[in-house]
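S.K.: Sequence lines, in order, name chains P and X.
Start counting the first sequence at 276; every next residue gets the next number (the numbering used here).
Start counting the second sequence at 22; every next residue gets the next number (the numbering used here).
Yeah, the Cβ is synthetic: ideal placement off N, Cα and C, and Gly gets one too.
The model shown is predicted, which means the values in this text are computed figures rather than measured ones.
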Amino acid sequence: MANLKEWIPLMLQGCGLTVKLFFIVIVLSLPLGLILTFLYTGKSYVIRKIVGFYILIMRGTPLLLQIFFIYFGLPFVPKIGPMLTINDRFTAGCLAYVLNYAAYFAEIFRGGLLSVDKGQYEAAKVLGMTETQTTFKIILPQMIRISLPAVSNEAIILVKDTALITTIGLADLLKVTNNIVNRTTNITAFIVAGCFYLVMSYFLTLAFKHLEKRYAF
Amino acid sequence: MKMIEVKNIRKSFGDLEVLKDVSFDVEQGDVVAILGPSGSGKSTMLRSLIELEKVDRGEIKIEGETLCTNGVYAPKRKKRAILNKMGMVFQHFNLFPHMNIRDNLMCACLCSKQGTKKELEKLAEELLAKVELSDKIDAMPAQLSGGQKQRVAIARALMRKPDIMLFDEPTSALDPELTKEVLNVIKQLSREKMTMLIVTHEIGFAVEAANKIIFLDGGYVAASGTPDEVVNNSGNERIMSFLDKVM
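1) To the nearest angstrom, how far is the alpha carbon of THR366 (chain P) from that of TYR329 (chain P)?
2) Check whether the stretch 303 to 319 of chain P touches the stretch 451 to 470 of chain P, taking contact to mean three or more Cβ pairs, one atom from each stretch, closer than 8 angstroms.
3) Specify, as a first and last residue, the run of the alpha helix (DSSP H) that ARG212 (chain X) falls within.
4) CB-CB under 6 angstroms to GLN395 (chain P), same chain, minus the five flanking residues each way: which ones, in chain order?
5) So, does the stretch 166 to 181 of chain X touch the stretch 102 to 115 of chain X, judging by three or more C-beta pairs under 8 angstroms?
6) Using three-state DSSP, classify ARG31 (chain X) as helix, strand or coil.
7) Counting only beta-carbon atoms, is ASN257 (chain X) nearer than 8 angstroms to chain P?
8) Can you confirm whether the stretch 413 to 426 of chain P touches the stretch 379 to 394 of chain P when touching is taken to mean that 3 or more C-beta pairs between the two stretches lie within less than 8 angstroms?
9) Would you call GLU153 (chain X) buried or exposed, if buried means 16 or more other Cβ atoms sit within 10 Å of its Cβ?
10) Apply the 10 Å Cβ neighbour rule to HIS485 (chain P) and answer buried if 16 or more other Cβ atoms are within range, or exposed otherwise.
11) Would you list the residues sitting across from SER155 (chain X) in a DSSP beta bridge?
12) DSSP on ASP77 (chain X), reduced to helix/strand/coil?
13) Quick one: measure Cβ to Cβ for ALA145 (chain X) and ARG123 (chain X), integer angstroms, because I've assumed they're closer than 8 angstroms.
14) Does ALA227 (chain X) have its Cβ less than 8 angstroms from a Cβ in chain P?
15) With a cut-off of 8 angstroms, do at least 3 Cβ pairs link the stretch 125 to 144 of chain X to the stretch 204 to 222 of chain X?
16) Cα separation between LEU305 (chain P) and VAL426 (chain P)?
17) Assuming GLU38 (chain X) and MET22 (chain X) make a contact with CB atoms under 8 angstroms, what is their CB distance in whole Å?
18) With a threshold of 8 angstroms between beta-carbons, can PRO424 (chain P) be considered close to chain X, or not?
19) Anything in the stretch 391 to 413 of chain P with a Cβ closer than 8 angstroms to a Cβ of chain X? List those residues in chain order, please.
20) Can you tell me which residues form a DSSP beta bridge with GLY108 (chain X)?
21) Does ARG420 (chain P) come within less than 8 angstroms of chain X when only Cβ atoms are used?
22) Per DSSP, what kind of secondary structure is LYS354 (chain P) in: helix, strand or coil?
23) Counting only beta-carbon separations shorter than 8 angstroms, does ASN254 (chain X) have a partner in chain P?
24) What number of angstroms, rounded off, separates the C-alpha of ALA231 (chain X) from the C-alpha of MET66 (chain X)?
25) Identify which residue in X:LYS139, X:LYS151 and X:GLY57 has its Cα closest to the Cα of ALA227 (chain X).
26) Pick out whichever of P:THR437, P:ASP392 and P:LEU402 has its Cα sitting closest to the Cα of PRO416 (chain P).
27) Return the residue from the list X:GLY239, X:LYS233 and X:THR221 that minimises the CA-CA distance to PRO248 (chain X).
28) Looking at the C-beta of ILE219 (chain X), does it have a partner C-beta in chain P at a distance below 8 angstroms?
29) Please report the residue range of the beta strand (DSSP E) in which SER245 (chain X) lies.
30) Roughly how many angstroms lie between the CA atoms of ILE440 (chain P) and TYR372 (chain P), to the nearest whole one?
31) Give the C-beta separation of THR452 (chain P) and PHE465 (chain P) to the nearest angstrom, bearing in mind that I take them to be a contact with Cβ-Cβ under 8 angstroms.
32) Classify ALA399 (chain P) as buried or exposed, calling it buried when 16 or more other Cβ atoms lie within 10 Å of its own Cβ.
33) Excluding sequence positions up to five away, which residues of its chain have a Cβ less than 7 angstroms from the Cβ of ALA54 (chain X)?
34) So for PHE236 (chain X), helix, strand or coil by DSSP?
35) GLN169 (chain X): buried (16+ other C-beta within 10 angstroms of its C-beta) or exposed?
36) From the DSSP output, in three-state form, read off LEU402 (chain P) for me.
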């Protein structure tokens with residue numbers, strides 16, 4: 276306990292990396308997921324199949340495997356390996372998370388889309404709205420609202436999934452904590468780290484609760 | 022002037038032929054009640070007029086312009102112009118739940134640049150006053166009763182200044198008390214000589230407010246004419262047994 280003052284700042288630094296990863300992934304994967312949803316429910320059969328296959332792969336294999344594949348695996352792809360190599364660990368990690376989470380968000384948004392009543396399309400049509408206007412003014416806002424609780428759930432999972440990035444040697448909260456425990460042979464740091472994750476999840480829950488209330492209908 | 026001319030339309034859903042051979046005309050200012058047992062094709066017929074269902078055969082003309090002939094529809098731009106002459110009100114209102122009443126009324130008009138925001142806002146206020154809901158302009162749909170929602174839906178359809186209004190069972194989701202307030206609005210429109218087609222189970226209302234009744238049965242027009250002709254003197258067995266059950 277004596278060294279608390281010494282290692283709390285280190286852990287906060289680790290938190291910084293965790294939070295940064297979280298925000299980058301959320302900001303990129305939500306819109307990507309939205310685009311995937313519209314491709315997945317769109318008119319082109321070929322594109323629907325491709326997106327379906329993509330989602331199958333991303334949801335059907337471990338995120339950890341995907342992280343390893345992108346960081347360690349891509350350089351060994353025959354011939355084009357060198358072109359695919361991502362040297363920066365953080366970039367490689369972000370890419371794996373974004374690709375993975377976009378697939379989950381796509382499925383969440385698709386669920387939201389299916390829940391929008393058919394009558395909404397009909398009402399928009401008889402009022403003379405075009406398909407694009409209907410999508411952006413009528414369907415999208417309702418779909419996002421319906422999807423909020425599931426998006427919130429997924430975002431909280433992401434807070435904890437960020438810990439997986441430890442495995443490619445980045446100094447996130449878990450990595451820093453683990454180092455401290457190894458050095459001090461004292462498990463207090465684990466408990467403190469747990470509290471950090473808990474606080475992050477808690478504030479995220481509050482934020483989503485607020486959004487749900489704000490856009491209630 | 023003939024507002025709607027329907028000739029020999031047919032419509033199937035898969036193997037099920039819902040409209041087998043339906044023809045009728047609607048004159049300007051007509052209030053037409055469409056009656057018939059469940060599954061007789063009433064709603065499908067009404068929805069066909071505004072292209073929510075595509076008909077397979079026959080011809081539909083709106084104000085003399087051809088919407089479709091034998092499954093071939095007018096080109097996009099022309100079709101839009103034809104469809105814009107009609108407004109429609111649904112059984113389940115279909116208000117946009119994420120918008121307040123003002124935006125529900127104005128949204129489509131703003132999208133199509135029907136007027137400036139100020140003009141549209143004024144029109145919205147006028148129409149809400151007409152359906153006696155001026156105080157609800159800032160409310161959300163979820164805060165309204167069924168009857169209020171349906172009156173908002175009528176005002177929203179009127180925002181597009183249609184020549185023809187289509188009502189698809191406008192009171193079927195409402196209890197009797199709320200039904201009355203909606204029917205009063207429809208009667209008000211008929212006094213203003215709005216051309217209207219109403220699919221309804223309210224026989225009393227049909228007889229009272231409509232000047233023409235079309236009775237559909239099994240995908241055919243079983244009878245049509247004035248309420249008196251159809252309800253009291255048709256002698257058609259099918260209609261008599263239907264009326265016996267509902268009156």
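M.R.: Taking the geometry as given:
1) Here residue 366 (chain P) corresponds to residue number 91 of the first sequence, with the count starting at 1. Here residue 329 (chain P) corresponds to residue number 54 of the first sequence, with the count starting at 1. For THR366 (chain P) and TYR329 (chain P), the distance between alpha carbons rounds to 21 angstroms.
2) no
3) Taking the second sequence and counting its residues from 1, the one referred to as residue 212 (chain X) is at position 191. Residues 197 to 212.
4) Position 120 of the first sequence, counting from 1, holds the residue named residue 395 (chain P). Contacts found: ILE413.
5) yes
6) Taking the second sequence and counting its residues from 1, one reaches residue 31 (chain X) at position 10. If DSSP states are grouped into helix, strand and coil, ARG31 (chain X) belongs with the strands.
7) Residue 257 (chain X) sits at position 236 when you count from the first residue of the second sequence. ASN257 (chain X) does not count as touching chain P.
8) yes
9) As a first step, residue 153 (chain X) is located in the second sequence; it is residue number 132 there, counting from the start. Under this definition GLU153 (chain X) is an exposed residue.
10) The residue you call residue 485 (chain P) lines up with position 210 of the first sequence. Classification for HIS485 (chain P): exposed.
11) Within the second sequence, the letter at position 134 stands for residue 155 (chain X). SER155 (chain X) is not bridged to any residue.
12) On the second sequence, position 56 is the one that residue 77 (chain X) refers to. Coil at ASP77 (chain X), not helix or strand.
13) Counted from its first residue, the second sequence places residue 145 (chain X) at position 124. Counted from its first residue, the second sequence places residue 123 (chain X) at position 102. With a Cβ gap of about 6 angstroms, ALA145 (chain X) and ARG123 (chain X) count as contacting.
14) The residue labelled residue 227 (chain X) in the question sits at position 206 within the second sequence. Answer no: the Cβ-Cβ gap between ALA227 (chain X) and chain P never drops below 8 angstroms.
15) no
16) The residue you call residue 305 (chain P) lines up with position 30 of the first sequence. The residue you call residue 426 (chain P) lines up with position 151 of the first sequence. If you take the alpha carbons of LEU305 (chain P) and VAL426 (chain P), they lie about 9 angstroms apart.
17) Position 17 of the second sequence, counting from 1, holds the residue named residue 38 (chain X). Position 1 of the second sequence, counting from 1, holds the residue named residue 22 (chain X). Not really, about 32 angstroms apart at Cβ, beyond 8 angstroms.
18) Mapped onto the first sequence, residue 424 (chain P) falls at position 149. Not one chain X Cβ lies under 8 angstroms of PRO424 (chain P).
19) ASP392, GLY394, GLN395, GLU397, ALA398, ALA399, LYS400, VAL401, LEU402, GLY403, MET404, THR405, GLN408, LYS412 and ILE413
20) Counting from 1 along the second sequence, the entry for residue 108 (chain X) is found at position 87. Looking at the DSSP assignment, GLY108 (chain X) forms a beta bridge with X:MET186.
21) Taking the first sequence and counting its residues from 1, the one referred to as residue 420 (chain P) is at position 145. Yes - at least one Cβ of chain X is within 8 angstroms of the one on ARG420 (chain P).
22) One-based indexing of the first sequence puts residue 354 (chain P) at position 79. Coil.
23) Looking up residue 254 (chain X) in the second sequence gives position 233. Taking Cβ atoms only, chain P never reaches closer than 8 angstroms to ASN254 (chain X), which makes this a no.
24) For this step, residue 231 (chain X) is matched to residue 210 along the second sequence. For this step, residue 66 (chain X) is matched to residue 45 along the second sequence. Roughly 18 angstroms separates the two Cα atoms.
25) Sequence index remark: in the second sequence, residue 227 (chain X) carries index 206 (1-based). When each option's Cα is compared against that of ALA227 (chain X), the closest is X:GLY57.
26) Position 141 of the first sequence holds residue 416 (chain P). Here the closest residue by C-alpha is P:ASP392.
27) Your numbering for residue 248 (chain X) matches position 227 in the second sequence. It is X:LYS233 whose Cα lies nearest to the Cα of PRO248 (chain X).
28) As a first step, residue 219 (chain X) must be located in the second sequence, where it is residue number 198. It does not: the Cβ of ILE219 (chain X) has no partner Cβ on chain P nearer than 8 angstroms.
29) Residue 245 (chain X) sits at position 224 when you count from the first residue of the second sequence. SER245 (chain X) -> beta strand (DSSP E) spans 241 to 246.
30) In the first sequence, the residue the question calls residue 440 (chain P) occupies position 165. In the first sequence, the residue the question calls residue 372 (chain P) occupies position 97. Rounded to the nearest angstrom, the two C-alpha atoms are 9 angstroms apart.
31) Counting from 1 along the first sequence, the entry for residue 452 (chain P) is found at position 177. Counting from 1 along the first sequence, the entry for residue 465 (chain P) is found at position 190. 6 angstroms between Cβ atoms; contact.
32) Mapped onto the first sequence, residue 399 (chain P) falls at position 124. Under this definition ALA399 (chain P) is a buried residue.
33) Within the second sequence, the letter at position 33 stands for residue 54 (chain X). Contacts found: ILE219, THR221, ALA227, ALA231 and ILE234.
34) As a first step, residue 236 (chain X) is located in the second sequence; it is residue number 215 there, counting from the start. Three-state DSSP puts PHE236 (chain X) in a strand.
35) Against the second sequence, residue 169 (chain X) aligns to sequence position 148. Buried.
36) The count along the first sequence starts at 1 and reaches residue 402 (chain P) at position 127. If DSSP states are grouped into helix, strand and coil, LEU402 (chain P) belongs with coil.
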